[in-house]
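Peer 1: Residue numbers (the numbering used here): -13 to 418.
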Ligand SMILES: Cc1ncc(COP(=O)(O)O)c(C=O)c1O
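#1: Are residue 248 and residue 110 close, meaning C-beta to C-beta below 8 Å?
#2: By Cβ distance below 6 Å, which residues in the same chain neighbour residue 182 in space, the five residues on each side in sequence not counted?
#3: Between residue 101 and the rest of its own chain, which residues show a CB-CB distance below 8 Å, the 5 nearest in sequence each way excluded?
#4: Does any heavy atom of ligand 1 sit closer than 7 Å to the C-beta of residue 132?
#5: Label residue 340 either buried or exposed according to how many other C-beta atoms from any shown protein chain fall within 10 Å of its C-beta, with 16 as the threshold for buried.
#6: May I ask you to report which of helix, strand or coil DSSP gives residue 23?
#7: Can you give the Cα-Cα distance for residue 252 and residue 166, rounded to whole angstroms?
#8: Identify whether residue 267 lies in helix, strand or coil by the three-state DSSP scheme.
#9: Can you check which of these residues, 382, 338, 343, is closest to residue 324 by C-alpha distance?
#10: Please give the ranges of any beta strand (DSSP E) in the stretch 43 to 114, keeping only runs that are unbroken, at least 3 residues long and fully inside the region.
#11: Of all the options 330, 106, 331, which has the alpha carbon lying nearest to the alpha carbon of residue 225?
#12: Thinking just about the alpha-carbon of each residue, which of 227, 202, -8 is nearest to the one in residue 91?
#13: Does the beta-carbon of residue 249, which I'm using as the reference point, lie nearer than 7 Å to any heavy atom of ligand 1?
#14: From the DSSP output, in three-state form, read off residue 337 for me.
#15: With DSSP as the reference, identify every bridge partner of residue 403, one or two as the case may be.
#16: Where does residue 165 sit, in a helix, a strand or coil, going by DSSP?
#17: In its own chain, which residues sit with a C-beta less than 6 Å from the C-beta of residue 287, not counting the 5 before and 5 after it?
#18: DSSP on residue 343, reduced to helix/strand/coil?
#19: Tell me whether residue 230, by its Cβ, gets closer than 7 Å to a heavy atom of ligand 1.
#20: What is the rounded straight-line gap between the Cα of residue 174 and the Cα of residue 208?
#21: Helix, strand or coil for residue 373, going by three-state DSSP, please let me know.
#22: From residue 212 to residue 0, what distance separates their C-alpha atoms?
#23: With respect to 7 Å, is the separation between the Cβ of residue 135 and the closest non-hydrogen atom of ligand 1 below this value?
#24: With DSSP as the reference, label residue 191 as helix, strand or coil.
#25: So, for residue 116: in the same chain, excluding its five sequence neighbours on each side, which residues have a beta-carbon less than 7 Å away from its beta-carbon?
#26: For residue 384, which of helix, strand or coil comes out of DSSP?
#27: Can you give me the start and stop residues for the alpha helix (DSSP H) that residue 207 sits inside?
#28: Residue range of the beta strand (DSSP E) that residue 5 falls in?
#29: Would you kindly check if the distance between the Cβ of residue 40 and the Cβ of residue 390 is under 8 Å?
#30: Relative to the C-alpha of residue 231, which residue among 309, 246, 200 is closest?
#31: If you run the structure through DSSP and keep just helix, strand and coil, what is residue 379?
#32: Beta-carbon separation of residue 189 and residue 113 under 8 Å?
#33: Quick test of the definition: if touching needs 3 or more C-beta pairs under 8 Å, does the stretch 9 to 28 touch the stretch 53 to 60?
#34: For ligand 1, is there any heavy atom lying closer than 7 Å to the beta carbon of residue 329?
#35: In the DSSP assignment, the alpha helix (DSSP H) including residue 302 goes from what residue to what residue?
#36: Would residue 139 pass as a contact of residue 164 if the rule is Cβ separation under 8 Å?
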């Protein structure tokens, strides 16, 4: 518009406000003066509509483990796009990606596809109910398994609630479901054992993020869940949407040495394109074999874009890069370096910082509490200071989710990490 003094970004934001309620794609949004429209991404950086460059620690909330527009993923997608973008029918990239995942993941005898992490956890729970003939799901306070109704129960630890309360975190959930979801604190094996002792014969699944957000499992916790599940005929489901192909080639189950019955994958397995999978025991997954319908128990699992060849081609390219020697050593070393750097920056700035997480996924928490095991312990975190710190970082050109996780990719350089630590120090000083 001639004479329009607004920046390109401001006018796009105004259009977004009109066309998209909330002017957001999901839950990620920033304060008014920091809101961004991303125009492009390359390697570890993104550029906004006004031309400002950021070192990107969002990485699209995790999928971009090789960074933006990795040349091998771009080439694989271009090649597949010329052959067609979707068939609905079985296709070669989907089969090859399935073989690769089954080979890498300890618990995987086979897999079935979906398109998003939410669909994968939703379907894994359905399969578990079908396999056991039971209704209840046990999951952990403060865990996140996506957008579906069961997943949206007690995703946060809210002050003043009991740790075993099942609370709908979103309006509009099916009310009946609250009776079917049991909530227990993460890392509290005694509480799980107590609940299982009372209701074990009704529990279809225990669903857990083996690394809950950035909280590591205490020694023996995952092993305990495994033993309780086996002992009571419960399907143990690891939600590896974040940890899969990120904290190790074989995911958290390889790193922590505990195998679930089913595991859910998304994010990294698509290299930035939508695809997800439920991997695990063949006897459970075969409940989704359509050829069974009519005679034996059959559990519906599918979707228009399920096992999409473009996404599978991107995922294959991504995993083939990750498979190369040194990838996980590099991701872990960078994660450790950033965690240590953030804690030291906090110390120098006079702010109590603990950078929790595993390998290339982390979150710097501002708290004096050195014993954070569960969502409940996060009550001690100074949330306001953390949000302010994140906003300081964004102003300085480092894009991250305020109060959320930071993701590192193989495209991040040592210099990126150094600059981040230096900006983190200035930002901690600013919020001290
Ligand atoms: C552990 C975990 N499970 C499931 C999901 C849902 O995945 P999606 O957003 O692809 O539906 C997420 C998303 O962040 C996640 O972090």
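C-beta: ideal position from N, C-alpha, C; glycine also.
Peer 2: To lay it out plainly:
#1: Residue 248 places its beta carbon less than 8 Å from that of residue 110.
#2: 214, 218
#3: 260, 261, 262, 289, 291, 292, 294, 297
#4: yes
#5: buried
#6: coil
#7: Taking the CA atoms as reference points, residue 252 sits about 25 Å from residue 166.
#8: coil
#9: 343
#10: 96 to 100
#11: Checked all of 330, 106, 331; the closest Cα to residue 225 is 106.
#12: 227
#13: no
#14: coil
#15: DSSP output for residue 403 lists no bridge partner at all.
#16: helix
#17: 98, 109, 274
#18: Correct three-state label for residue 343: strand.
#19: False, no ligand heavy atom lies under 7 Å from that Cβ.
#20: 10 Å
#21: helix
#22: 51 Å
#23: No, Cβ of residue 135 sits at least 7 Å from all heavy atoms of ligand 1.
#24: strand
#25: 273, 283, 285
#26: strand
#27: 207 to 217
#28: Run containing residue 5: none in the beta strand (DSSP E); it sits in the alpha helix (DSSP H), -6 to 5.
#29: no
#30: 309
#31: helix
#32: no
#33: yes
#34: Because no heavy atom of ligand 1 lies under 7 Å away, the Cβ of residue 329 does not count as near it: no.
#35: 295 to 308
#36: yes
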